[in-house]
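Colleague:
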Amino acid sequence: MSTLWAVSFLTPVATVFALGLVGLAPDPATERWRRRLVLLAPATVLPALALAFAGPAAGAVQIPWLLLGTMLEVDPVGRPLLLVAAILYGVAAVAVATVGTARAPALMSFLLVSFVGNIGLLVAADAVTFYLAFAVMSFAGFGLVVHERTDFARRAGRIYLVLAVISETFILGGLILVAAAGGRVLADAPAAVAASESTGLIVAVLLVGFGVKAGTVPLHVWLPLAHPAAPPAASAVLSGCMIKAGIVGWIRFLPLGEEAQPGWGLLLVVLALLGAFLAVPAGVLQGDAKVALAYSSISQMGFLAALVGVALAAPELADAAIVAAVLYAAHHGLAKGALFLGIPLWRRYGSGVIRWWIVGALLGAALAVAGAPFSSGSVAKYAAKGAVGEASLLGVDLVSLLPLVATGSTILLARFAFLLLSGPRQQPHRVDAPLVSWSVLVVAGISLTWILAGEWFPVTTVPDLEPVTLWDASWPILLGVAISAVAWWLSHHERLPGWAAHPDGRFLPPGDLVVPEEALILRVRWALERGAARGFAVRSALIDILAAGVRRLGATGSVLRGAEQQLRVWEVSGVVTLGLLLVLLGAGVVR
Amino acid sequence: MNLTDLPGLNYVPVLLLMTSLVPGVLIFFLRDEQVRLRTVLNVSGAVAKVGLVVVLVPPIVAGRSLEWRSPFLPGIDLVLRVEQLSLLFLGLSALLWLATTVYAIGYLEGSPGRSRFFGFFSLCVTATVGIALAGNLVTFVIFYEFLTLATFPLVAHRGTPQAIAGARTYLVYTLSGGIVLLAGVAWLTHLVGPVEFTAGGAQQLAHLATTEPRLAQAVFVLLIAGLAVKAALIPVHGWLPRAMVAPAPVSALLHAVAVVKAGVFGIVRVVHHTYGVEVADTLGVLLPLAVLAAATIIFGSTLALFQDDLKRRLAYSTVSQVSYVTLGIAVVGVVSTTGGIVHLVHQGLMKITLFFCAGLFAETLGLHKVSELRGVGRRMPVTAAAFTVGALGMIGLPPVAGFVSKWQLGLGGIEAGHPWIVAVLLTSSLLNAAYFLPIVYRLWFLDPGESPPWEGVRTTARRLEAPPSLLLPAVAAALFALLAGLLAEMPYSPLEVARKIAERSYLGL
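As C-alpha cells, this is what we get:
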C-alpha cells in the first residue's frame, strides 16, 4: 500500500517537474512533449482516487525522516473529501488539457501543485505536514487566480495573495501553539488544545487563519474576485475543494467535542449566518454569472461554518456536526464544481442539441446545491439538521434558520441561471472530453453523497422519502423560486429602481468590503512611506550634528586634526551607535 | 578503525586551517593570467576541506573531539578543537566556500586583481575556520580580528570610491567592535584566567557569577557589544548595507558564513560555552539580549521593505535573519537553542542562494534593482527558480529550511514562557513576505514588456541561461536549502547536529 501512497503524490509532482524541464528549452520537439504531458496530466489524479476508495485499508504511513516527521492517513473526515478532490481536479484537468486554454502547461502545473497540496492536507496526520500541504495549495492557488494576466486577474491575485499570507501567518502561529500544547499529531490535537492554558487564544488565531480560506465574513473578500478572475476549471477546484480546506482545518485543530467554547462558538455561528444571508443580496446585485456563483459559495460556506460553530459551542453535538459538515462539504464541492465547469460548456454548446443535456444537468446540480428532495444536497442538509439538534441562537432555533439558507441559495442560483442563459454562446460543437468528464461529474455528484452516507457513515440515516421530509426539503426552494419570480416580474415591468432591476456589479462591486479596505491600505501605506522618509531625515540630521561636533573637537586639538580628515559621517555614526548599544545593554543589565 | 587512536590525529585541526591558508599564500605569488594554476589551487583546497569535514562528521557527531594546543602567551594556550558546534560551522563554511570559489572564478573571469582577490578570499576562509575551531576566548579573538583584516580588501576590491567608502565603514565598525571584544576578553582573563569553551559553560564563570555578579554582567555586556557589530544587531548594523558594494561572491560569503556568522557564532560561544546558559540566565542578561534581537528582527525586515536595490534589500534581510540565531540562543530551553543554532546553517544556505542569484541577474542581464526584474523568470528560469526557493525559505514556508528554524524557535519561545517570541516571528514572516513576494511576483508573473532592460545584452553562455560556473553554485545552494528542510530529521542533518549541541549545553542543568 505504501506504493499507492508514493504514487499518489509523486506522479503529479513528477509531471509538474517534467513540464518545467521541458519548458526550459522551447523548440518544436519539446513543444510536442509538452502537449503530450499536458494531455497525460489528468491521469495523475487516478492514484489518489484509488487511495480514497481504499480508505483505511491504505493504512497509516510514517516517514520519520521527511520534514519534521511526516504522518499520513486516510481517516473518515479526509476520505470523502479526498474522493471529491480526485474527481473534481481530474475533470478540471481534462478541461484544461483539451480545450484550447492559453498557456495550458502553466495552468496545468499550478492545478497539479494545488492538487498535491489539497490531497496532502486531507490525509496529513500531523500538524507540520498539514501546514506544508496547506501552504502549497494556497500559494499554487495564486497561479490559478492570476492565470489570465488581465488587470482584473492581477488585482484579484494581489488581494488573494495578501489574504493568503495573512491566513498562513495566523495558521502557523496557531499550529505552533497547538504543537506546543502537545497536539503535533492530529489525532491528539483537539484534546491537547482543550487541555492547553491558552485555548481561547488558539481558537481565536485558528478562526482567523482558516476563516480566510473558508470565506467567513469579513475575511471572504477575496472570493468574489478570485472566482471570476480564474479560468472556469480553476474556479471549480477553488470553490469545490480549496475553500473546504478551511473547514477541514477547523475540524482538525479546534477542540470540537472536547470542551465547550460557547463564546467562540456563538461568534462563529453569528459570523457564519451573516455570511450565509448577506451573500444573497450581494450576489444578486452582480452582473457576472461567476461572481453570483462565488457569492453562492460564500453563503454555503456560511452554512458549513455554522455547523463548526455549533460543534465548538456544544461538544455533545460535535460528532454529528462534523459528519454533517464533511458530507455537506463533499456534496457542495461536487455540485458547485459542476456548476463552474458547466459555464464554458454552456457557452460552447448553447445553441445545439446537447444544450438540453447541459441545461438539465446544470439544473440538477443547482437543485443539489439548494438541497432539493432526492438530491445529494437533501441528504447533506438532513444530516446537518440532525446535527444542529437543539442548538439555538439568541432564542431562535438554528433548525428553523438553516432552511432559509436554501432559500437564499435558490435565489442566487436563479440569478446565476439568468445571467448564464442570457449570456453569449457559440456555434454548436461536437462531443468532446470535457463534456464527457463533466457529465460523469454531474452524475457522480448527485448520486455520490447518497452512497457515501450509506457506506462510509453508517450513523447517518438517509432520509426516508416520507411526505414530511419531502415537504421539509421542498418549501425553502419553492419559496426561493417564488421570490425570484416576483423579482423578475418586478424588474421586467420596471417597478424597481435601476440599480436593483438590472444590477451589473457597479452598485455593489464584487468583493464588497475590499473596495474601502483597499483605499484604506493605500492611505496607510502612503502615511508609512512619508513617516519613514521623515525618520530617515531626522536620523541623517542627527548624524550631521554629531559629525559637526566631532569636527569642532578635531579642530581644537592637533592630535585629532589628522583624524578629522578621515572622519566621515558614517564613522561617527558607528562609534556613536556602539556607545549607544553599551548604554542600552547596560541599562538592561543593571536593573 | 578507530579514528581517535591514530597517531597525529590531533593535527587535524591545523590541517583544516592549512587547506585554505596554503593555497591563499601561494596565490598571492601568482600573476593574474595564471588562471589554471590558481583555479587548481583554489578548488583543490576547497575540495580537500570538504573531504576532511565529511570524514570527520560521523565520529564528531557521535561525541568525539580532536584538539590541538600550543603555548601562546604566558599561561594562555592557542587551542584548536573540533567538536560538534565547530563541526557544524566548519561544515557550513567548507561547503559554501567550495560553492563560492566556483562562483567567484566565473564571476571575476577576466577582471583585474584576481590573484589579490583569491588570496584574501582564502585568508578570509582560513579566519572563518579558525573561528569555528577556536577552543578558547583568546584564540577566538585572534581569528576574529584576522577575519576583519582579511575581508577589508575583498569589500574594497573594485576600487571605486563607493567601494573604498563602504570598505572603510566596514573597517571602522568592525575594528571598534573588535576593540570592545578584546577589552572584554582581556578583562575576563584578568578576572578568572584563560577561559576554555565548555559545553554548559566554564567553571570559572559560574564561580565569578556567584561571587561577583555585577562584574560578570559587565563583562558579558562588553563581550556581546563587541560581537554585536559583526552580528549586525541594532544599532550597530549600519556597516552591513553599506558593504553591499562588494562583488557578489564576497557579499554572499559575508552574509552567509564569514563575517556576520562569525559575530553570531561568537554570541553562541559566549552564551552557551563560556557563561553557560543557566549562569547567563541567573545574571539576567539573556532577556535584554533576546529583546534586542527581536527588535533587530523587526527593524531589519521593516527597512528591507523600502529598498529598491536588490542587494541592499537582501542586506537588511540579513540584519533581520541573523538575529533569529541570537534570539534562539538568548532563550532558555533545548528547543529554542536548537532553533537558533540550526539557523546558523539554514540562514547561510538560503542567503547564499539569494546572493548568488542577485549576482547572476547583475552579471548576466545587468539588473540591480527590484523594479527591473519584470519577467526575468522567462529569460533566466533556473536562476529565478533558485531565487524563489531562497525567498520562500526566508519567509519561513515549508519545506525550505527556514521553516524548520522558525518552527523550532516558536516552539522554544512558548516552552520558555515567552509567547511574544511567536508574535515577533510571525510579524517578521509577514514583513518577509511583503518584501520577498513582490520580487517573486515580478520574476514570474509580470511581462518583460516590449523592450526589456536587458535587450541587447550579450552573454557568454550559449545553451544555458548563464555561465555554468555561476549557475551551478546557485542551483546547488538552493537544493541544499531545500533538502535541509525536507530531510530535517535525517541522520547528520543540520537539525540533528544542532539538537545534539543544544542538548549538551543543558546537560549540566
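Going down the list, the protein sequences come from chains A and B. Numbers in this note's numbering are just positions in the first sequence, counted from 1, shifted up by 5. Numbers in this note's numbering are just positions in the second sequence, counted from 1, shifted up by 148. Each residue gets a CB set at the ideal place from its N, CA and C atoms; glycine is no exception. Since the model is a prediction, treat every value here as computed from it, not as a measurement.
#1: Count Cβ pairs between the segment 200-207 of chain A and the segment 487-495 of chain A that sit closer than 8 Å; are there 3 or more?
#2: With a threshold of 16 other CB atoms inside 10 Å of the CB of residue 179 (chain B), please say whether the residue is buried or exposed.
#3: Excluding five sequence neighbours on each side, which residues of the same chain lie with their C-beta closer than 6 Å to the C-beta of residue 50 (chain A)?
#4: Got a sec: is the Cβ-Cβ distance from residue 11 (chain A) to anything in chain B below 7 Å?
#5: Name the two residues that bound the continuous alpha helix (DSSP H) containing residue 641 (chain B).
#6: Sort out for me which residues DSSP pairs residue 517 (chain B) with in a bridge.
#7: Against chain B, which members of the segment 183-207 of chain A pass a CB distance test of less than 7 Å?
#8: Considering residue 429 (chain B), what are the terminal residues of the alpha helix (DSSP H) in which it resides?
#9: So with Cβ pairs under 7 Å, would you call residue 164 (chain B) a contact of chain A?
#10: Using three-state DSSP, classify residue 402 (chain A) as helix, strand or coil.
#11: Please identify, using Cβ separations under 9 Å, the residues of the segment 632-650 of chain B that lie next to chain A, in order along the chain.
#12: Can you find a CB in chain A that lies within less than 7 Å of the CB of residue 562 (chain B)?
#13: In the segment 181-210 of chain A, which residue ranges form an unbroken alpha helix (DSSP H) of at least 4 residues, counting only runs that do not cross its ends?
#14: Among the residues of its own chain, which have a CB less than 7 Å from the CB of residue 106 (chain A), if the five just before and after it don't count?
#15: What did DSSP end up calling residue 259 (chain B) once you bin it into helix, strand or coil?
#16: Quick one: any contact between the segment 410-424 of chain B and the segment 466-482 of chain B, if contact means 3 or more CB pairs under 8 Å?
#17: Look at the alpha carbon of residue 207 (chain A) and the alpha carbon of residue 326 (chain A), and state the distance between them as a whole number of angstroms.
#18: Considering only the beta carbon of each residue, do residue 353 (chain B) and residue 427 (chain B) sit closer than 7 Å?
#19: For chain B, check one thing: does any of its Cβ atoms lie closer than 7 Å to the Cβ of residue 593 (chain A)?
#20: What residues in the segment 565-599 of chain B have a beta carbon less than 7 Å from any beta carbon of chain A?
#21: Could you give the C-beta distance for residue 160 (chain B) and residue 645 (chain B), rounded to a whole number, given that I count them as a contact under 8 Å?
#22: List, in chain order, every chain A residue whose beta-carbon is nearer than 7 Å to that of residue 454 (chain B).
#23: Tell me whether residue 155 (chain A), by its Cβ, gets closer than 6 Å to a heavy atom of the ligand SAH.
#24: Excluding the five sequence neighbours on either side, which residues of its own chain have a C-beta within less than 6 Å of the C-beta of residue 265 (chain B), listed in chain order?
#25: Cβ of residue 538 (chain B) less than 7 Å from any chain A Cβ?
#26: Measure how close the beta-carbons of residue 602 (chain B) and residue 514 (chain B) come, nearest whole angstrom, since I'm counting them as under 8 Å.
#27: CB-CB under 7 Å to residue 562 (chain A), same chain, minus the five flanking residues each way: which ones, in chain order?
#28: Cβ of residue 140 (chain A) less than 7 Å from any chain B Cβ?
#29: Looking only at C-alpha atoms, which of A:315, A:456, A:184 sits nearest to residue 88 (chain A)?
#30: Is residue 559 (chain B) close to chain A, meaning its C-beta is less than 7 Å from at least one C-beta of that chain?
#31: Span of the beta strand (DSSP E) holding residue 229 (chain B)?
#32: Can you give the beta carbon distance from residue 248 (chain B) to residue 397 (chain B), rounded, assuming they're within the 8 Å contact cut?
#33: Looking at the structure shown, is residue 220 (chain B) part of a helix, part of a strand, or coil, going by DSSP?
#34: Going along chain B in order, which residues have a C-beta closer than 7 Å to the C-beta of residue 174 (chain A)?
#35: Answer yes or no: does any C-beta atom of chain B fall closer than 7 Å to that of residue 516 (chain A)?
#36: Ignore the nearest five residues each way along the sequence and tell me which others in residue 342 (chain A)'s own chain have a CB closer than 6 Å to its CB.
Modeller: The answer reads as follows:
#1: no
#2: exposed
#3: 91, 94, 95
#4: no
#5: Neither: residue 641 (chain B) is in no alpha helix (DSSP H) and is coded neither H nor E.
#6: B:457
#7: 184, 185
#8: 425-431
#9: no
#10: strand
#11: 633, 634, 635, 636, 637, 638, 639, 641, 643
#12: yes
#13: 194-200
#14: 112, 236
#15: coil
#16: yes
#17: 21 Å
#18: yes
#19: Any reading at residue 593 (chain A) needs caution, since the residue's pLDDT is 46, under 50, leaving its predicted position unreliable; the model's value is listed next. Output row for residue 593 (chain A): interface = yes.
#20: 570, 574, 577, 578, 581, 585, 593
#21: Wrong, their Cβ atoms sit about 18 Å apart, outside the cutoff.
#22: 537
#23: In the structure shown, the ligand SAH is absent, as is every other ligand, since no ligand is present at all.
#24: 305
#25: no
#26: 6 Å
#27: Low local confidence applies: a pLDDT of 48 at residue 562 (chain A) is under 50, so the model's placement there is unreliable, and no value is given.
#28: yes
#29: A:456
#30: yes
#31: 224-230
#32: 5 Å
#33: strand
#34: 574, 577, 578
#35: no
#36: 93, 241, 245
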